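Undergrad:
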Amino acid sequence: MYRPHLQASTELLTKRLFLRLPLPGDGFALYQALQASKKELVPWIPWVERMSSPEQAEQGVQQAHVDFLQKKAFHFHLFEQRSGTFVGSCGLHHINWDVPRMEMGYWIDSRFAGKGYMTEAAKALMFYAFFTHDTHRLEIRCDRNNKKSRAIPEKLGFMLEATLLENERSPHTGELMDTCIYTAFHPSVSRPPESISGKQNSALHYNN
1 MYRPHLQAST ELLTKRLFLR LPLPGDGFAL YQALQASKKE LVPWIPWVER
51 MSSPEQAEQG VQQAHVDFLQ KKAFHFHLFE QRSGTFVGSC GLHHINWDVP
101 RMEMGYWIDS RFAGKGYMTE AAKALMFYAF FTHDTHRLEI RCDRNNKKSR
151 AIPEKLGFML EATLLENERS PHTGELMDTC IYTAFHPSVS RPPESISGKQ
201 NSALHYNN
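If you want it as structure tokens, here you go:
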């Protein structure tokens, strides 16, 4: 059975961003970013509307810190290198170490959207999953109508493996929603699973 690395990196660096694990004291910056981005995030992310105070955000930060250290989930806070400003979050969760399999999630402060920051961060996180934790299967799940979120895996060469029809309800309207499942496999995989062998295995064809 696969076991996670004993010492997982807590910091990642990209061309323009600095990513690190959540630290106590991040709560206020997190809360401010969520408040500025509510209009864009609430239709897609249920917990955003429930984050009602800086104190509640700080509790979430401290739990994310513990989860990281215990290897239950690997959340990273994103900061501009140039200004040091908090701009969003991305992470790996729903981890099954027996495969190993992980799911990637992300959101960005809408004031920093449109700069390519999230694609940049997601690319770094993808390689972190594959080469730090030897992840075999990496998933990104997003609503079929969330075009901005779907653009991330499509830019990174993930494969649209399936669309689950009416499997969730919108946290905002209560309407039934479809979920797209994008997947990428570890570069050591010589070919995709038989069920999708006719489609591109993005992890094999991804170019830096």
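Following this note's numbering, the numbering of the sequence shown begins with 1 at its first residue and continues without gaps.
The beta carbon of each residue, even a glycine, is placed where N, CA and C say it ideally should be.
Source: prediction; values computed, not measured.
#1: Please work out which residues of its chain come closer than 7 Å, Cβ to Cβ, to Leu12, disregarding the five sequence neighbours upstream and downstream, and give them in chain order.
#2: From Gly60 to Glu161, what does the alpha carbon distance come to, in whole angstroms?
#3: So the candidates are Glu80, Asp98 and Asn167; which of them puts its Cα closest to the Cα of Arg16?
#4: Smallest Cα separation from Ala36: which of Val99, His186 and Gly88?
#5: Measure the alpha-carbon distance for Val189 versus Pro24 and round it to whole angstroms.
#6: Could you pull out every residue in the same chain whose Cβ sits closer than 8 Å to the Cβ of Ser9, ignoring the five residues on either side in sequence?
#7: In the DSSP assignment, find the unbroken alpha helix (DSSP H) run with Trp47 in it and report its ends.
#8: Kindly provide the ranges of any beta strand (DSSP E) runs that are 3 or more residues long and lie completely inside the stretch 29-96, ordered along the chain.
#9: Pull up the distance between the alpha-carbon of Met159 and that of Arg169, whole angstroms please.
#10: State the start and end residues of the unbroken alpha helix (DSSP H) segment that holds Glu175.
#11: Considering only C-alpha positions, which residue in the set Ile45, Phe28 and Lys71 is nearest to Glu55?
#12: What's the C-alpha gap between Ser52 and Asp98?
#13: Indicate the three-state DSSP secondary structure (helix, strand or coil) for Leu125 in the structure shown.
#14: On a Cα-Cα basis, can you pick out the residue from Val66, Asp67, Cys90 and Asn145 that is closest to Arg107?
#15: Where does Gly114 fall in DSSP's three states?
#16: DSSP state of Gly25, grouped into three classes?
#17: Can you name the start and end residues of the alpha helix (DSSP H) that Arg150 belongs to?
TA: Reading from the atomic positions:
#1: Leu19, Phe76, Ala124 and Tyr128
#2: 32 Å
#3: Glu80
#4: Gly88
#5: 38 Å
#6: Tyr128 and Thr132
#7: Pro46 to Arg50
#8: 74-80 and 86-96
#9: 24 Å
#10: Here Glu175 belongs to no alpha helix (DSSP H), and DSSP marks it neither H nor E.
#11: Phe28
#12: 36 Å
#13: helix
#14: Per the sequence presented here, residue 107 reads as Trp, with Arg not at that position. The residue with the shortest Cα to Cα distance from Trp107 is Cys90.
#15: coil
#16: coil
#17: Lys147 to Lys155
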